[in-house]
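To start, the structure under review is shown below, and the notes come after it.
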Amino acid sequence: MIGTIRELSLLQSQEGFSLHVFLPEHLLERSSDMITEHLKQFNVQIISLSTENIYKAAGLIRKSHLDVLVYTDLGIDPFTHVLSFLRLAPVQTAFWGNPILPESHEIDYFMVSEHHNSQHDDVFNPNPRKNSPQVVRL
159 MIGTIRELSL
169 LQSQEGFSLH
179 VFLPEHLLER
189 SSDMITEHLK
199 QFNVQIISLS
209 TENIYKAAGL
219 IRKSHLDVLV
229 YTDLGIDPFT
239 HVLSFLRLAP
249 VQTAFWGNPI
259 LPESHEIDYF
269 MVSEHHNSQH
279 DDVFNPNPRK
289 NSPQVVRL
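Counting in this note's numbering, the sequence shown runs from 159 upward without gaps.
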């Protein structure tokens, strides 16, 4: 994910978009967190989200007027898992940080590696549903 953010940060000025990275405040407070330290090196706006109030965090994301919201690893952290059930941007997608399709009906796309073997799609989607996110290979 860090590589994707780095590449997008290099493209954003010429392509006319901006990157916002929302992180739970406990990650920003840990000075030894390698991911946070890498993010600080890129041209991205890092926004701290309080995990004490899900509605306040959702409001902060909505006020950013995002076109696309990307979740990096749904299902790992309860806070982001709950946020994923809210429509906070017109397009919402999830990366393969967790190799199971998100349960949220508000996730539109699920991004997987181009090297993902489609013969094993049942690993990503063990319980297919009518409105499952569209799987996109990068």
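Note that CB positions come from ideal geometry on N, CA and C, so glycine has one too.
Here the structure is a predicted model, which is why all the values come from computation and not from measurement.
{"query": "For P291, count the other beta carbons within 10 Å of its own beta carbon; 16 or more makes it buried, fewer makes it exposed. Which is it?", "result": "buried"}
{"query": "Can you pull the DSSP bridge partners for T209?", "result": "For T209, which the question treats as bridged, DSSP gives no partner whatsoever."}
{"query": "Where F237 and I212 are concerned, what is the direct C-alpha to C-alpha distance, given to the nearest angstrom?", "result": "8 Å"}
{"query": "Compute the beta-carbon to beta-carbon distance between S222 and H178, rounded to the nearest angstrom, for a pair I have assumed lies under 8 Å.", "result": "5 Å"}
{"query": "Have a look at Q277 and V240 and give me their C-alpha separation to the nearest angstrom.", "result": "With a pLDDT of 48 at Q277, under the threshold of 50, the modelled position of that residue is not reliable, and no figure is offered here."}
{"query": "Can you tell me whether DSSP reads V226 as helix, strand or coil?", "result": "strand"}
{"query": "Alpha carbon to alpha carbon, how far is T209 from S171?", "result": "31 Å"}
{"query": "Looking only at C-alpha atoms, which of S271, H184 and T251 sits nearest to I265?", "result": "T251"}
{"query": "Measuring CA to CA, which of L181, K214, A216 and F175 is closest to D231?", "result": "L181"}
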